[in-house]
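2 protein chains.
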Amino acid sequence: MSDNSANFTLAPVARLESDYPDKFGIPRQPGLASAARGRLVMLPPFDDPLALRGLEGFSHLWLTFIFHQSPDQTSERWSPLVRPPRLGGNAKIGVFASRSTHRPNRLGLSLVELVAVHTRPEVYLELRGHDLVNDTPVVDIKPYLPWADTRPDARTGFAPTAPACHPVEFSADAEAQLAKRRDRDSLRELIEQVLAQDPRPAYRKGQESRRYGVRLRDLDVRFQAIVDPRHGLVMRVFELVSLSRS
Amino acid sequence: MSDNSANFTLAPVARLESDYPDKFGIPRQPGLASAARGRLVMLPPFDDPLALRGLEGFSHLWLTFIFHQSPDQTSERWSPLVRPPRLGGNAKIGVFASRSTHRPNRLGLSLVELVAVHTRPEVYLELRGHDLVNDTPVVDIKPYLPWADTRPDARTGFAPTAPACHPVEFSADAEAQLAKRRDRDSLRELIEQVLAQDPRPAYRKGQESRRYGVRLRDLDVRFQAIVDPRHGLVMRVFELVSLSRS
Numbered sequence: 132m133s134d135n136s137a138n139f140t141l142a143p144v145a146r147l148e149s150d151y152p153d154k155f156g157i158p159r160q161p162g163l164a165s166a167a168r169g170r171l172v173m174l175p176p177f178d179d180p181l182a183l184r185g186l187e188g189f190s191h192l193w194l195t196f197i198f199h200q201s202p203d204q205t206s207e208r209w210s211p212l213v214r215p216p217r218l219g220g221n222a223k224i225g226v227f228a229s230r231s232t233h234r235p236n237r238l239g240l241s242l243v244e245l246v247a248v249h250t251r252p253e254v255y256l257e258l259r260g261h262d263l264v265n266d267t268p269v270v271d272i273k274p275y276l277p278w279a280d281t282r283p284d285a286r287t288g289f290a291p292t293a294p295a296c297h298p299v300e301f302s303a304d305a306e307a308q309l310a311k312r313r314d315r316d317s318l319r320e321l322i323e324q325v326l327a328q329d330p331r332p333a334y335r336k337g338q339e340s341r342r343y344g345v346r347l348r349d350l351d352v353r354f355q356a357i358v359d360p361r362h363g364l365v366m367r368v369f370e371l372v373s374l375s376r377s
Numbered sequence: 132m133s134d135n136s137a138n139f140t141l142a143p144v145a146r147l148e149s150d151y152p153d154k155f156g157i158p159r160q161p162g163l164a165s166a167a168r169g170r171l172v173m174l175p176p177f178d179d180p181l182a183l184r185g186l187e188g189f190s191h192l193w194l195t196f197i198f199h200q201s202p203d204q205t206s207e208r209w210s211p212l213v214r215p216p217r218l219g220g221n222a223k224i225g226v227f228a229s230r231s232t233h234r235p236n237r238l239g240l241s242l243v244e245l246v247a248v249h250t251r252p253e254v255y256l257e258l259r260g261h262d263l264v265n266d267t268p269v270v271d272i273k274p275y276l277p278w279a280d281t282r283p284d285a286r287t288g289f290a291p292t293a294p295a296c297h298p299v300e301f302s303a304d305a306e307a308q309l310a311k312r313r314d315r316d317s318l319r320e321l322i323e324q325v326l327a328q329d330p331r332p333a334y335r336k337g338q339e340s341r342r343y344g345v346r347l348r349d350l351d352v353r354f355q356a357i358v359d360p361r362h363g364l365v366m367r368v369f370e371l372v373s374l375s376r377s
């Protein structure tokens, strides 16, 4: 019984170097932006290559991590209700019926693609399709097992399908900037996948004249949501600004 | 950066009352014994019914929990290699390529079926198909989203399919004991699902004369593995012994 009233202490086992330098714009579930790359760098003493033996046989992993940029909700101050973006930011649901980042214990869970295991000189996992901000502390890594982890017919309450995707277009300026980059192909894919989710805050929707920036890799990607008579809402990239200059 | 070197403290949000009074015999992944029932009792201050609002719309949940019966592996003493039962207990693989209970941070992850949400007088979730020992502290509850959590074609290393199942039979004595129970149908299903996995320790396999007991609900279920000329290995229940008597 003593175990149940006691608290538990977690040590980070790894830290993510991510394509997402900050929170704004990160797709709200992993896999929505499969082009997102990451390096999951093992931290001492967990940077022993033996601890990863056999992992290369798996294509997907579960990461358990800490939403370290969310407030630490101790038992004295926590909110039982959250406003999921999917519901327009108005309706409130229970925090345990959501995957909100603002939750007791701040634990996150992501299914990510494992591209490669590197053990020298640095011990890290090369990942794709994650949804974690740069510097996220990871507290566990487990292999994904489809026969244990798949329930295709599950009922899904207020979140029955992936969010709708919007078309993304680039201005001539943005195209020219993209063409100069060595990572232009993967960067274009990443920008398209991230903006297709319409990352604007719910309370800003309807204010289509406003310009936004979403940070991806070393860039601030400036965009605007445009109402297009043929395609509905279109996300238009008008400029790529280097973060070192901004 | 300070967040990455720092440790994190978790408070249990709920505690599981389980059909499994102890570890021996628990199927090694959730869903292998769908008949396993559990009551996940919310702990103060997280026993606020508001925190569960909307959860009833989901049929499956992720539980993040602590393997509280496993040794606390602080960074000073942890083992990078484990011996998964699937590999016969001989081959060693990396702890992060396994779902072993003996792991840094002792975090477990289970996909369980939500049967009902109860809010009065006690706040608890009625679950099925879990793989957690009684009294397990749960540190997070999240809804299962098939569109985000399903990768049917994932590669799965050394664990490509669910473990093989063995036939289970009951002696006349065991049948008579079962017939007297109010929970006979769900209990029979649970016994069959648990024994079908052959829960004997890997190093005991081959010693078919030996008798074992697996604890389910308030019973010690005594069984033996028998080599049957037609069916191969058969699990035979010969007696159900009340735990209060044993």
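One line per chain: the protein sequences are A and B, in this order.
Okay, so the first sequence: first residue is 132 according to the working numbering, each after it adds one.
Okay, so the second sequence: first residue is 132 according to the working numbering, each after it adds one.
By construction, the Cβ of each residue, glycine as well, lies at the ideal position given by its N, Cα and C atoms.
> Is the stretch 277-285 of chain B touching the stretch 165-175 of chain B in the sense that three or more CB pairs, one from each, lie closer than 8 Å?
Replying inline: no
> Under three-state DSSP, which class holds B:Gly220?
Replying inline: coil
>> Does A:Ala307 pass the burial test, meaning 16 or more other C-beta atoms within 10 Å, or should it be called exposed?
In response: Here A:Ala307 is exposed: its Cβ has fewer than 16 other Cβ atoms, across all protein chains shown, within 10 Å.
> How big is the Cα-Cα spacing for B:Asp359 and B:Val368?
Replying inline: 14 Å
> Of the choices B:Pro294, B:Asp314, B:His261, whose alpha-carbon is the least far from that of B:Leu218?
Replying inline: Out of B:Pro294, B:Asp314, B:His261, the CA that lies nearest to the CA of B:Leu218 is found in B:Pro294.
> Alpha carbon to alpha carbon, what distance is there between A:Arg353 and A:Val365?
Replying inline: Going by the C-alpha atoms only, they are around 14 Å apart.
>> So for B:Val264, helix, strand or coil by DSSP?
In response: coil
> Thinking just about the alpha-carbon of each residue, which of B:Val144, B:Phe198, B:Gln338 is nearest to the one in B:Lys154?
Replying inline: B:Phe198
>> Which residues does DSSP list as the beta-bridge partners of A:Tyr343?
In response: Per DSSP, the beta bridge partners of A:Tyr343 are A:Phe354.
> Can you find a C-beta in chain A that's less than 9 Å from the C-beta of B:Asp134?
Replying inline: Reliability of the predicted coordinates at B:Asp134 is poor, the pLDDT of 43 falling under 50, and the value obtained from them is presented with this limitation in mind. By this cut-off, B:Asp134 is an interface position.
> Which residue from B:Pro268, B:Ser302, B:Ala327 puts its Cα closest to that of B:Met173?
Replying inline: B:Pro268
> Where B:His297 and B:Ile357 are concerned, what is the direct C-alpha to C-alpha distance, given to the nearest angstrom?
Replying inline: Distance from the CA atom of B:His297 to the CA atom of B:Ile357, rounded to whole angstroms, is 11 Å.
> Per DSSP, what kind of secondary structure is B:Leu212 in: helix, strand or coil?
Replying inline: strand
>> Per the DSSP calculation, A:Arg367 is bridged to which residue(s)?
In response: A:Glu300, A:Gln355
>> Quick check: the Cα distance between A:Leu141 and B:Glu339, rounded to an integer number of angstroms?
In response: 42 Å
>> Does the CB of A:Val270 have a neighbour CB from chain B at under 9 Å?
In response: yes
> Quick one: is B:Gln154 near chain A, going by C-beta distance under 9 Å?
Replying inline: Before going further, note that residue 154 of chain B is Lys rather than Gln in the sequence given. No - not a single Cβ of chain A is within 9 Å of the one on B:Lys154.
> Whose Cβ in chain B lies nearer than 7 Å to the Cβ of A:Leu347?
Replying inline: Correct list: empty, because the minimum Cβ distance to chain B is about 21 Å.
>> Taking the alpha helix (DSSP H) that B:Ala327 belongs to, which residues open and close that run?
In response: 315-327
> Between which two residues does the alpha helix (DSSP H) carrying A:Ala279 extend?
Replying inline: 277-280
>> For the beta strand (DSSP E) containing A:Phe227, name the first residue and the last one.
In response: Segment: none, A:Phe227 is in no beta strand (DSSP E) and carries neither H nor E.
>> Less than 9 Å between CB atoms is the rule here; does A:Ile197 satisfy it with respect to chain B?
In response: Residue-level contact by beta carbon holds for A:Ile197 and chain B, with a gap shorter than 9 Å.
> If you run the structure through DSSP and keep just helix, strand and coil, what is A:Pro274?
Replying inline: strand
> Interface residues of chain A around B:Gly225 at Cβ under 7 Å?
Replying inline: Leu181, Ala182, Leu183, Arg184, Gly185, Leu186
> From which residue to which residue does the beta strand (DSSP E) around A:Gly239 run?
Replying inline: 238-249
>> Looking at A:Glu323: is its Cβ nearer than 9 Å to the Cβ of A:Val345?
In response: no
> Going along chain A, which residues have a C-beta under 7 Å from B:Val264?
Replying inline: Neighbours of B:Val264 on chain A: none; closest Cβ ~11 Å, over 7 Å.
> Taking the continuous beta strand (DSSP E) assigned at A:Ala145, which residues delimit it?
Replying inline: 145-149
>> For A:Lys223 and B:Lys273, what's the separation of their Cα atoms in angstroms?
In response: For A:Lys223 and B:Lys273, the gap between their C-alpha atoms comes out near 16 Å.
> Which same chain residues, not among the five before or five after A:Ala247, have their C-beta less than 6 Å away from its C-beta?
Replying inline: Glu257
>> With a threshold of 8 Å (Cβ to nearest heavy atom), would A:Gln328 be considered close to the ligand COA?
In response: Although the ligand COA was asked about, the structure shown includes no ligands whatsoever.
> What residues from the stretch 283-301 of chain A come within 9 Å of chain B, judged by C-beta to C-beta, listed N to C?
Replying inline: Pro283, Asp284, Ala285, Arg286, Thr287, Gly288, Phe289, Ala290, Pro291, Thr292, Ala293
>> Given a cut-off of 9 Å on the beta-carbon distance, is the pair B:Leu194 and B:Ser241 in contact?
In response: yes
> In terms of residues, what are the limits of the beta strand (DSSP E) holding A:Arg170?
Replying inline: 168-173
> B:Pro216 and B:Arg259 look like a contact to me (Cβ under 8 Å); what is the Cβ gap, rounded to whole Å?
Replying inline: Not a contact, Cβ separation roughly 24 Å.
> If we ignore side chains and look at the alpha-carbon of each, how far apart do B:His362 and B:Leu326 end up?
Replying inline: 15 Å
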